[in-house]
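Take a look at the structure set out below.
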Amino acid sequence: MSDQKKKILLVEDDLYPRDLFSETLISAGFEVVPAVDGIDGFTKIQDGAMYDIVLLDAMMPRMDGLTFLTKLHESNLAMKNAPVILLTNLAGDIVLKQALEAGAKACLIKTDLNPDQLVEKVQSFLH
Amino acid sequence: MLFTLSIFTSVVINTFLGIAIFIRNPKAHSNRYFGLLTLSLIGWAITLYLYYAISDPSAVLLLGRLNFFVATYISFFFFCLAYYFPRRILKWPKLVTYTITTITVVVSIISYITPLIDQNELIKGDQRELVPGPLYAVWILLILLNMILGIYVIIRKLKLLPPHEKAQIQLLLLGFVGTFLVGLFTNVILPMFSIIELQSFGPLCTIILVAATSYAISKHKLFDIRALTVRAVTYFIMLSLIGLLYTGVLFIVSSNFISRSDPLFFPVATILTLFVGFTFSPLQNIVSQMTNKLFYKRDYNLNEVILRLSQKMTSTLEEEIFVKELLTELQQVLTSTLLAVYIYKNENITEIVTLKEEHNLLVEIPKDDLIRLQSEEQILEVDEIEDIHAIKGVMQKYDMHVYVPLFIERRFIGSLMLGPKASGEIYYDKDIKMLHTFCSEFALALNNAHNYDEIKRFNITLQEEVKRATEKLRQANEHLKELDKMKDEFLSVASHDLRTPMTAIKGYLWLMLKKLNTFPEDSGEKLRRIYNSTERMIALINDMLDISRIEGGRIEIVHEEFNIVDTAKEVEQELLGQTEERHQQFIIENGTYMVRADRNRTHEVLVNLIGNAIKFTPNGGSIHVTFRERGGSVVTSVTDSGIGIAKEDIQKLFKKFGRIDNSDKMPTHVPGTGLGLYICKKIIELSGGEISVTSEKDKGSSFIFSLPKV
Numbered sequence: 062m063s064d065q066k067k068k069i070l071l072v073e074d075d076l077y078p079r080d081l082f083s084e085t086l087i088s089a090g091f092e093v094v095p096a097v098d099g100i101d102g103f104t105k106i107q108d109g110a111m112y113d114i115v116l117l118d119a120m121m122p123r124m125d126g127l128t129f130l131t132k133l134h135e136s137n138l139a140m141k142n143a144p145v146i147l148l149t150n151l152a153g154d155i156v157l158k159q160a161l162e163a164g165a166k167a168c169l170i171k172t173d174l175n176p177d178q179l180v181e182k183v184q185s186f187l188h
Numbered sequence: 179m180l181f182t183l184s185i186f187t188s189v190v191i192n193t194f195l196g197i198a199i200f201i202r203n204p205k206a207h208s209n210r211y212f213g214l215l216t217l218s219l220i221g222w223a224i225t226l227y228l229y230y231a232i233s234d235p236s237a238v239l240l241l242g243r244l245n246f247f248v249a250t251y252i253s254f255f256f257f258c259l260a261y262y263f264p265r266r267i268l269k270w271p272k273l274v275t276y277t278i279t280t281i282t283v284v285v286s287i288i289s290y291i292t293p294l295i296d297q298n299e300l301i302k303g304d305q306r307e308l309v310p311g312p313l314y315a316v317w318i319l320l321i322l323l324n325m326i327l328g329i330y331v332i333i334r335k336l337k338l339l340p341p342h343e344k345a346q347i348q349l350l351l352l353g354f355v356g357t358f359l360v361g362l363f364t365n366v367i368l369p370m371f372s373i374i375e376l377q378s379f380g381p382l383c384t385i386i387l388v389a390a391t392s393y394a395i396s397k398h399k400l401f402d403i404r405a406l407t408v409r410a411v412t413y414f415i416m417l418s419l420i421g422l423l424y425t426g427v428l429f430i431v432s433s434n435f436i437s438r439s440d441p442l443f444f445p446v447a448t449i450l451t452l453f454v455g456f457t458f459s460p461l462q463n464i465v466s467q468m469t470n471k472l473f474y475k476r477d478y479n480l481n482e483v484i485l486r487l488s489q490k491m492t493s494t495l496e497e498e499i500f501v502k503e504l505l506t507e508l509q510q511v512l513t514s515t516l517l518a519v520y521i522y523k524n525e526n527i528t529e530i531v532t533l534k535e536e537h538n539l540l541v542e543i544p545k546d547d548l549i550r551l552q553s554e555e556q557i558l559e560v561d562e563i564e565d566i567h568a569i570k571g572v573m574q575k576y577d578m579h580v581y582v583p584l585f586i587e588r589r590f591i592g593s594l595m596l597g598p599k600a601s602g603e604i605y606y607d608k609d610i611k612m613l614h615t616f617c618s619e620f621a622l623a624l625n626n627a628h629n630y631d632e633i634k635r636f637n638i639t640l641q642e643e644v645k646r647a648t649e650k651l652r653q654a655n656e657h658l659k660e661l662d663k664m665k666d667e668f669l670s671v672a673s674h675d676l677r678t679p680m681t682a683i684k685g686y687l688w689l690m691l692k693k694l695n696t697f698p699e700d701s702g703e704k705l706r707r708i709y710n711s712t713e714r715m716i717a718l719i720n721d722m723l724d725i726s727r728i729e730g731g732r733i734e735i736v737h738e739e740f741n742i743v744d745t746a747k748e749v750e751q752e753l754l755g756q757t758e759e760r761h762q763q764f765i766i767e768n769g770t771y772m773v774r775a776d777r778n779r780t781h782e783v784l785v786n787l788i789g790n791a792i793k794f795t796p797n798g799g800s801i802h803v804t805f806r807e808r809g810g811s812v813v814t815s816v817t818d819s820g821i822g823i824a825k826e827d828i829q830k831l832f833k834k835f836g837r838i839d840n841s842d843k844m845p846t847h848v849p850g851t852g853l854g855l856y857i858c859k860k861i862i863e864l865s866g867g868e869i870s871v872t873s874e875k876d877k878g879s880s881f882i883f884s885l886p887k888v
């Protein structure tokens with residue numbers, strides 16, 4: 062077990078889920094860096110900062126999740142190899158297919174998870 | 179007077195040339211013997227002058243004998259020069275060479291010290307008369323012997339030497355013959371007819387030999403002797419013509435119109451001089467062209483050719499075209515029979531451009547030999563290369579006579595190769611000079627054409643990149659459009675918008691519930707009820723969304739191959755809490771049953787069926803999940819020991835909202851949407867299977883579904 066906290070980039074435009082997930086993950090021992098949409102999220106990785114995992118909302122203004130993902134994979138940033146989990150309240154399977162094609166590791170439906178389950182899922186993707 | 183002038187001129191010129199050549203390479207035998215030859219010629223001229231100038235009898239005798247002494251060495255050094263120039267290929271035994279040397283030295287000493295050769299010199303005014311001694315004939319014989327030996331060596335060498343060295347020795351021969359014949363003519367033949375006036379010109383003839391040999395030694399690289407001869411002849415004709423013209427006109431003018439003393443004479447003479455000066459150059463061109471046409475047809479004007487080549491090279495940027503035109507021009511001018519240009523692109527690609535010649539070995543050069551050639555940085559002419567260099571063998575293998583490497587800023591970009599000339603001649607100095615001048619321009623033109631080509635290709639690549647980028651953009655657009663489409667579907671919007679607040683409600687409730695482990699039971703229960711209600715709402719939304727998509731044909735079944743037992747075990751993990759809470763026995767049969775279906779959807783079905791089983795089985799009951807193969811399918815059974823279903827109700831089961839009223843059997847209100855089984859049925863059917871139920875009231879139920887086997 063490493064001493065360092067795992068760093069999560071949380072990209073979610075809606076305030077309530079963003080705060081909810083941040084609080085949950087922080088109490089679970091993670092370090093959480095929030096971003097309010099795709100562009101904000103991209104800015105946070107452009108300078109080469111590294112995160113252990115990215116939680117990415119699908120529906121966001123300015124730049125949605127899939128576009129963010131595509132952009133990430135076209136870039137030369139080291140972050141493109143980090144696991145990305147798409148979080149959405151859209152119908153799962155269509156988004157899932159596009160998400161996986163764009164390079165996401167998984168696509169989860171937010172309302173299907175309680176906070177503990179979210180933490181479990183995140184931990185499972187970090188190992 | 180004329181005699182003095184002649185001596186003076188010959189001494190000056192010979193001294194100059196002798197020193198110049200000797201200094202160039204004092205170590206070479208040729209240069210040394212040439213120096214000695216000129217020295218002896220100078221000595222002879224000076225002694226001859228003094229011989230005529232001084233009147234003292236004893237001095238005259240001394241000088242006469244000195245003259246003989248020095249003259250002995252003239253033919254001797256000529257022989258030595260012939261032997262060593264341009265290099266010593268005949269190796270005569272030391273005995274022979276030492277004998278000749280000894281005899282010469284002895285005779286020369288005898289001629290000076292004794293009266294045996296030059297007995298006496300009689301002075302008759304301006305004239306001198308020789309009284310030969312008894313050994314005079316011996317002296318003559320020795321002179322002749324050395325001369326003949328020299329000629330013999332030269333003739334042998336003419337046969338043995340390679341072309342460019344042959345040219346050098348030819349020149350030496352020419353010089354000697356010139357001097358000898360002219361000297362013979364003026365000093366021996368004419369006096370026989372009592373014409374002694376031209377004797378004074380004797381010493382001047384020596385210049386012919388000296389000049390010719392100097393040229394041969396200094397410009398040893400591939401000069402065309404015929405061109406030289408023609409040029410010499412031309413000049414001679416020119417000077418004679420001019421001289422004749424000038425003296426002729428002057429003579430006519432002075433004898434007929436103006437006399438010498440006339441004050442007009444001087445200006446007229448000046449005008450004539452100027453006239454001659456101006457007409458000299460054009461007249462020279464005309465005469466030169468005439469003589470070229472008569473004697474030397476293969477000559478070409480270097481500047482004209484280079485100009486033509488330059489024009490061809492700048493006329494087009496198409497590599498192949500201008501290279502071919504270039505080769506055609508070179509073929510015409512140089513009469514080469516085989517030509518090829520190699521264009522080096524990178525290690526693995528080299529293009530060849532050539533004219534359609536038969537049996538052109540130059541185009542068949544393999545990579546290894548090309549690489550060996552590439553290491554040469556200068557123009558190579560095969561005859562110039564010494565046999566010890568391997569590169570000569572390489573060139574000879576392909577009948578390559580000239581190799582011209584092409585460089586741009588020290589970078590190798592290709593080479594020009596020429597085969598033998600049609601006439602069989604060597605490539606002369608002029609040809610090599612022409613190639614050298616234009617090869618850097620050629621390299622530049624090739625580079626330009628190459629760059630142009632690259633730009634063209636880059637342009638195409640750019641266009642393709644733009645096309646590809648546009649395509650990607652279009653796809654991304656469609657991407658967004660699909661997402662947009664999804665957003666626009668009413669139920670998608672509705673469900674998404676409903677789910678959004680549900681996420682917050684569910685999440686914060688959960689957090690509060692967790693915290694409430696320390697709070698009194700009651701408020702915990704109230705929150706729990708709220709939490710459960712949100713879960714029901716979420717479930718309903720999910721189901722409605724699913725149904726809308728199933729009925730609208732917008733659902734996607736992803737077919738995968740997986741072990742259904744694993745999926746069942748996953749569901750077991752998720753629902754373990756519930757079964758434990760109700761103290762129910764939950765067993766899943768082990769095994770490997772591979773099916774082809776949508777993993778996620780099958781998971782959903784199992785959650786539904788097992789969830790139902792848990793819900794409709796009282797505490798302490800049991801739930802079994804078993805598998806078997808039948809035909810081409812894997813049949814899964816979820817069996818419970820629950821309250822069972824009445825026969826008449828079974829039909830309602832798989833319909834929308836087909837809930838059965840069990841309020842009399844079950845104490846607590848059992849949550850459920852009433853859509854679950856309907857969705858299960860649709861999913862199983864879409865996966866290529868069937869679902870059914872067997873049940874008896876109070877005796878438990880068994881839900882069975884099949885999926886295609888792998």
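Line by line, the protein sequences give chains A and B.
Residues in the first sequence are numbered consecutively from 62, following the numbering used here.
Residues in the second sequence are numbered consecutively from 179, following the numbering used here.
Backbone N, C-alpha and C define an ideal beta-carbon position, used for all residues, glycine too.
Note that this is a predicted model, so its numbers are computed, not measured.
Compute the Euclidean distance between the alpha carbons of residue i and residue j, then round it to the nearest angstrom.
i: Lys611(B); j: Ala621(B); result: 16 Å
i: Val146(A); j: Lys68(A); result: The residue you asked about is not Val; residue 146(A) is Ile in the sequence shown. Approximately 14 Å between the Cα atoms of the pair.
i: Leu487(B); j: Lys502(B); result: 11 Å
i: Phe246(B); j: Leu239(B); result: 11 Å
i: Ser673(B); j: Asn150(A); result: 8 Å
i: Asn790(B); j: Ser865(B); result: 21 Å
i: Thr275(B); j: Ile464(B); result: 50 Å
i: Ile633(B); j: Ile549(B); result: 28 Å
i: Met62(A); j: Thr85(A); result: Per-residue confidence for Met62(A) stands at a pLDDT of 47, beneath the threshold of 50, marking its modelled position as unreliable; no derived number is given.
i: Leu831(B); j: Ile857(B); result: 11 Å
i: Asn637(B); j: Ala167(A); result: 41 Å
i: Asp546(B); j: Phe616(B); result: 27 Å
Using a Cβ cut-off of 8 Å, pull out every chain A residue sitting near residue i, in sequence order please.
i: Glu734(B); result: Asp154, Ile155 and Lys158
i: Thr770(B); result: By Cβ distance, chain A contributes nothing, its closest Cβ being about 24 Å from Thr770(B), past 8 Å.
i: Leu723(B); result: Ala152
i: Arg727(B); result: Ala152
i: Leu161(B); result: Any property of residue 161(B) remains undetermined from this structure, which presents chain B solely from 179 to 888.
i: Ile716(B); result: Thr172 and Asp173
Starting from residue i, trace the alpha helix (DSSP H) both ways and give me its first and last residue.
i: Lys337(B); result: Tyr314 to Leu338
i: Arg210(B); result: His207 to Ala231
i: Ser253(B); result: Pro235 to Tyr262
i: Ala198(B); result: Leu180 to Arg202
Going along chain B, which residues have a C-beta under 8 Å from residue i?
i: Pro122(A); result: Residues of chain B passing the Cβ test: none, with the nearest at roughly 12 Å.
What's the call for residue i, buried or exposed, on a 16-neighbour Cβ count within 10 Å?
i: Glu559(B); result: buried
i: Leu400(B); result: Since pLDDT at Leu400(B) reaches only 49, below the 50 mark, its modelled position is unreliable, and the value read off the structure follows with that caveat. By the neighbour-count rule (16 or more Cβ atoms within 10 Å), Leu400(B) is buried.
i: Met120(A); result: buried
i: Ser794(B); result: Looking at the sequence provided, one finds Phe at residue 794(B) rather than Ser. With 16 or more Cβ atoms within 10 Å of its Cβ, Phe794(B) is classed as buried.
i: Ala139(A); result: exposed
i: Phe254(B); result: buried
i: Ser819(B); result: buried
By the criterion of Cβ-Cβ separation under 7 Å, what are the contact partners of residue i in chain A?
i: Ser891(B); result: No answer is possible for residue 891(B): it lies beyond the span of chain B, which begins at 179 and ends at 888.
i: Met680(B); result: Thr172
In the DSSP assignment, the beta strand (DSSP E) including residue i goes from what residue to what residue?
i: Tyr290(B); result: Tyr290(B) -> not in any beta strand (DSSP E); alpha helix (DSSP H) instead, spanning Lys272 to Ile291.
i: Tyr581(B); result: Val580 to Ile586
i: Leu70(A); result: Lys68 to Val72
Residue i versus chain B: which residues are under 7 Å apart at the beta carbon?
i: Asp75(A); result: Thr678
List, in chain order, every chain B residue whose beta-carbon is nearer than 9 Å to that of residue i.
i: Pro78(A); result: Thr678, Thr681, Ala682 and Gly685
For residue i and chain C, any beta-carbon pair shorter than 8 Å?
i: Ile857(B); result: Looking for chain C here will not work: the only protein chains present are A and B.
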